[in-house]
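Q: With positions in the sequence shown counted from 1, the corresponding number in the numbering used here is that position plus 430. C-beta atoms are modelled at their ideal positions from N, C-alpha and C, and glycine is treated no differently.
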Amino acid sequence: MSLKDQLMQDMKVAMKGKQTDRLGTIRQLRSAIKNKEIELRQELDDDGILGVIGTAVKQRREAAQMYHDNDRPELAAKEEAEMAVLQEYLPAQLSEAEIRTVVTTVIDELGASSMKDMGKVMPQVMARTKGCADGKLVNQLVRELLAG
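Written out as structure tokens, the structure is:
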């Protein structure tokens with residue numbers, strides 16, 4: 431079953447179950463997918479949809495952090511709840527140790543030794559962890575391992 435079909439089915443279940451928060455999040459996601467398809471003038475495959483979901487999760491994470499920083503816990507909780515619904519559609523996230531292993535492997539393969547090599551290392555690591563790791567964490571680990 432494609433992700434689009436899964437979203438449609440989950441939307442129907444949320445409607446029948448009167449899960450308004452979940453329903454709203456799925457509708458927002460379907461709208462974002464449709465907008466991306468209009469922008470690209472083509473249907474998105476599952477990888478494209480995962481990209482849209484990843485962007486939506488990142489937006490929710492940043493908004494929640496901003497709300498926490500500005501003492502608005504009720505709005506942060508709403509963003510975090512939406513983020514939890516969206517993450518159900520993403521592949522399982524890698525742990526920090528697993529990402530560190532991937533980064534170390536790429537650094538060894540490329541013979542990277544300094545921060546100058548970050549431009550070579552980052553695209554390789556992101557390609558291997560696509561959809562399974564937070565880019566901010568990957569960037570932090572690459573910097574840490576290249577500097578040390």
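Does the region 530 to 537 come within contact of the region 546 to 565, defined as at least 3 CB pairs closer than 8 Å?
A: Cβ pair count under 8 Å is three or more, so yes.
Q: Would PRO543 pass as a contact of LEU576 if the rule is Cβ separation under 9 Å?
A: Checking the displayed sequence, the identity of residue 543 turns out to be Ser instead of Pro. Against a cut-off of 9 Å, the Cβ pair of LEU576 and SER543 comes out as a contact.
Q: Within its chain, find whatever has a CB closer than 7 Å to the CB of ALA444; leave out the 5 residues flanking it on each side and keep chain order.
A: ARG452, LEU453 and ILE456
Q: Whole angstroms is fine: what's the gap from THR485's alpha carbon to GLU574's?
A: 25 Å
Q: If I follow the unbroken alpha helix (DSSP H) through LYS546, where does it start and stop?
A: First-last for LYS546: undefined, no H or E at that position.
Q: Could you say which of PRO521, LYS448, ASP547 and GLU539 lies nearest to ALA563 if we only look at CA atoms?
A: PRO521
Q: With distances taken between CB atoms, is the gap from MET548 to VAL572 smaller than 9 Å?
A: yes
Q: Whole angstroms are fine: how far does the CA of MET438 sit from the CA of LYS464?
A: 13 Å
Q: Rounded to whole angstroms, what is the Cα-Cα separation between MET552 and LYS446?
A: 44 Å
Q: Only counting runs of 3 or more residues, tell me where the beta strand (DSSP E) segments fall wholly within the region 464 to 535, in order along the chain.
A: none
Q: Just verifying my parser: in three-state terms, what is the DSSP assignment at SER461?
A: Here SER461 carries a helix assignment [DSSP, helix/strand/coil].
Q: If we count the other Cβ atoms within 10 Å of its Cβ and call it buried at 16 or more, is GLU509 buried or exposed?
A: buried
Q: My guess is that ALA462 and VAL487 are in contact by the Cβ rule of under 8 Å, so how many angstroms apart are they, rounded?
A: At roughly 11 Å, the Cβ-Cβ gap does not stay under 8 Å, so ALA462 and VAL487 are not in contact.
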